[in-house]
Amino acid sequence: MAAELTAHELIAQHRPTLDQALEAIRTRAYWSPHPEHPKAYGENGSLDAAAGKAAFDALLGTRLDLGQPGTDGWVSGEVSPYGPELGVEYPHADVDVLLPTMKAGQKAWREAGAEIRAVVCLEILKRISDRTHEFAHAVMHTSGQAFMMAFQAGGPHAQDRGLEAVAYAYVEQVRTPDTAEWSKPQGKRDPLALTKQFTPVPRGIALMIGCNTFPTWNGYPGLFASLATGNAVLVKPHPRAVLPLALTVQVAREVLAGAGFDPNLVALAAEQPGEGIAKALATRPEIRIIDYTGSTSFGDWLEANARQAQVYTEKAGVNTVLVDSTANYKGMLSNLAFSLSLYSGQMCTTPQNFLIPRDGIRTDEGPKTFDEVAADLARSVDGLLGDDARANALLGAIVNPDVKARLEAAAGLGEVALASREITNPEFPDAVVRTPVIVKLDGAKPDDEAAYMSECFGPVSFAVAVDSSADAVELLRRTIREKGAMTVGAYTTDDEVERAVQEVCFDEAAQLSLNLTGGVYVNQTAAFSDFHGSGGNPAANAALTDGAFVANRFRVVEVRREA
């Protein structure tokens, strides 16, 4: 850093933004301080498109030395889903050396107080925002997202989620006053008088376990919630998606040092191929908080075995859309086609099951049979992705071989309403690009149930025939209860059906989107307004972001003295 930042300077720069974030989470209205459009960058120290691409290219084939203690080697091996090897080397940590140094910085960080911690976090986010174009390429070439999605979801939307976590953390910490004068009357005797001091204290070191598909979007809430509440944070990226989080750690360490704090409050734990350090780290006594996004099996393992830590998991679910009736058939199909196609369905919020009465649905275009709805949805996806250039911009690349294998196997599960096709990306000929597959299944057949009641992550969806809308409601309930859901969608013009779906979502704690036919999609959520997950069904034990996500990352310790 060129110069140190004083507490006064940090507060002057960032307190207005913090106040706006606090107002946004109170009103739930639209707000974002981070521009979504690439052309908005290039002034006031931020990198424009060319400079951001150049900065990313300059990283390739280099060693990213973070200056961490306990570095005992170097790790590399990332390969872009678009084909190129990144060739970036990261420090490999001897955690027996690193963890004690991380803990040493917590005292000064705790004593700084909630406001200073918040504005330091906002300075970190500001510097990341200035490098959004660079981060976008890093996200694109580790997740397989198309560039525009990597830019928006990996940049401003992720930064918004980080800022949202800081705002919630601040609210919860200042809920209790710093001091209080306590006096209890004793009749004729002098009152009992105490001076009380209340201090938010961190739990300890937080472990953030990153995911392959959304390393920043899913990683920033936990990282900033823990840091803002006084905890040191050890970032353990997914082995295929290290670069975006390594750059985040680099920025955080620079800001912390420049603000007079120990940079080791944030550190990176990259792993050698096949090393699998997450289990070993998660059960260490120094680790007191864990944030995890990924498979249900490992999330369940963390919840069962990391007993010394407060564990926040976002796992897998079977996202379901109930189709009963619609007043805008074309709009419904268009909306759902986009939802299925975006990032090749590789989102934890992408719908998988479409529950459709076998006798058909009512629409503004007249009755439509089950087969017609499935065929029309297939045609809508085909129309959306018929142009290869547009398809590449929406689909991105298949993130790993497991997704490709599931996609190829899905066609054997039932009658195919929409076959997946291969698309060539002229800029990246080695990218694996596939359009979605839609398979028709019968909700009454046990063999079909085994397919639609399991998460099939990727561009795979099932049109499931059910006996009636009432049966669809009950199947929706069972799906959420047994498998979890990050999102639920429903299309109906019937007030009774709408009430029934809402009651299911209230009972099973699932986030519901009703009758979306325009430019908002079931698999998108807006920071400061929408909750991502609920923490109330098997898909996730926490919501991004609410008070419960941050409040248990610290405890309030009281010191009492006689006045």
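At position 509 of the sequence shown the residue is numbered 566 (my numbering), and the sequence of numbers has no breaks. Think of the CB as a built atom: it goes at the ideal place given N, C-alpha and C, for glycine as much as any other residue.
For Q559 and M510, what's the separation of their Cα atoms in angstroms? Locating residue 559 in the sequence shown gives position 502, where the first residue counts as 1. Locating residue 510 in the sequence shown gives position 453, where the first residue counts as 1. Rounded to the nearest angstrom, the two C-alpha atoms are 21 Å apart.
Please report the residue range of the beta strand (DSSP E) in which T128 lies. Taking the first residue of the sequence shown as position 1, residue 128 is located at position 71. Run containing T128: T128 to V132, per the beta strand (DSSP E) assignment.
Alpha carbons only, please: which of G170, I173, F395 and K425 is nearest the one belonging to G575? Reading the sequence shown from its first residue, position 518 is the one you call residue 575. Of the candidates G170, I173, F395 and K425, the one whose C-alpha sits nearest the C-alpha of G575 is F395.
Less than 7 Å between C-beta atoms, sequence neighbours within five positions excluded: which residues of the same chain meet that for L464? One-based indexing of the sequence shown puts residue 464 at position 407. These residues qualify, in order along the chain: S477, R491, V494, G515, P516 and V517.
Nearest candidate by alpha-carbon position, reference N572, set K387, R610 and G471: One-based indexing of the sequence shown puts residue 572 at position 515. Considering only K387, R610 and G471, the residue with the shortest C-alpha distance to N572 is K387.
Beta-carbon spacing of L569, V545 below 7 Å: Position 512 of the sequence shown, counted from the first residue, corresponds to residue 569. Position 488 of the sequence shown, counted from the first residue, corresponds to residue 545. Between L569 and V545, the C-beta gap is smaller than 7 Å, which places the two residues in contact.
Cβ neighbours of N449 in the same chain (closer than 7 Å, five flanking residues each side left out): The residue labelled residue 449 in the question sits at position 392 within the sequence shown. By the criterion of a C-beta distance shorter than 7 Å, N449 is surrounded in its chain by A203, I480, N482 and V490, once the five residues flanking it on both sides are discounted.
Would you please state the rounded distance, in angstroms, between the beta carbons of V132 and A327? I believe it to be under 8 Å. Your numbering for residue 132 matches position 75 in the sequence shown. Your numbering for residue 327 matches position 270 in the sequence shown. Confirmed, about 4 Å.
Beta-carbon within less than 6 Å of A171's beta-carbon, same chain only, minus the 5 sequence neighbours each way: which residues are those? The residue labelled residue 171 in the question sits at position 114 within the sequence shown. Around A171: Y227, Q230 and V231.
When DSSP labels each residue in this structure, what does P320 get in the three-state scheme? Position 263 of the sequence shown, counted from the first residue, corresponds to residue 320. The answer is helix: DSSP assigns P320 an H, G or I state.
Nonlocal neighbours in the same chain, by C-beta distance under 7 Å from N609, ignoring five residues either side: Within the sequence shown, the letter at position 552 stands for residue 609. The residues are Q367.
What separation, rounded to the nearest whole angstrom, lies between the Cα atoms of A81 and G211? As a first step, residue 81 is located in the sequence shown; it is residue number 24 there, counting from the start. As a first step, residue 211 is located in the sequence shown; it is residue number 154 there, counting from the start. Each residue's alpha carbon lies about 21 Å from the other.
Taking the alpha-carbon of D153 as reference, which of V136, D129, K164 and G140 has the nearest alpha-carbon? Residue mapping note: residue 153 aligns to position 96 of the sequence shown, counting from 1. Looking at the Cα atoms, D129 is the closest of the given residues.
Which first and last residues belong to the alpha helix (DSSP H) in which P424 is found? By one-based count along the sequence shown, residue 424 stands at place 367. Premise fails: P424 is in no alpha helix (DSSP H) and is neither H nor E.
Are there three or more Cβ pairs, one per stretch, closer than 8 Å when the stretch 159-176 is compared with the stretch 274-287? Segments in contact, yes.
In terms of DSSP beta bridges, what is R419 paired with? The residue given as residue 419 occupies position 362 in the sequence shown. Partner(s): S382.
Less than 7 Å between C-beta atoms, sequence neighbours within five positions excluded: which residues of the same chain meet that for S401? For the purposes of this step, residue 401 is taken as residue 344 along the sequence shown, with counting starting at 1. L452, G453, I455, R491, G515 and P516, listed in sequence order.
Pick out whichever of M197, S586 and A108 has its Cα sitting closest to the Cα of P301. As a working mapping, residue 301 is identified with position 244 in the sequence shown. Ranking M197, S586 and A108 by Cα distance to P301 puts M197 first.
Can you check whether the C-beta of F271 is within less than 7 Å of a C-beta belonging to chain D? Here there is only one protein chain, and chain D is not present.
Could you name the residues that DSSP lists as bridge partners for M265? Here the question's residue 265 lines up with position 208 in the sequence shown. In DSSP, M265 forms a bridge with V292 and D348.
Excluding the 5 residues flanking G417 on each side, which residues of the same chain have their C-beta closer than 8 Å to its C-beta? Counted from its first residue, the sequence shown places residue 417 at position 360. Around G417: P424, K425, T426, F427, E429 and V430.
The ligand GDP heavy atom lying under 6 Å from the CB of V308: This structure lacks the ligand GDP, and indeed carries no ligand of any kind.
Going by the CB atoms, is the gap between A584 and E221 shorter than 7 Å? Working through the sequence shown from its first residue, we reach residue 221 at position 164. Working through the sequence shown from its first residue, we reach residue 584 at position 527. Yes; because the gap between Cβ atoms is below 7 Å, this pair is in contact.
So, under 8 Å CB-CB, V308 and I181 are touching, yes? Tell me the CB distance rounded to an integer number of Å. Within the sequence shown, the letter at position 251 stands for residue 308. Within the sequence shown, the letter at position 124 stands for residue 181. Correct: roughly 6 Å between the Cβ atoms.
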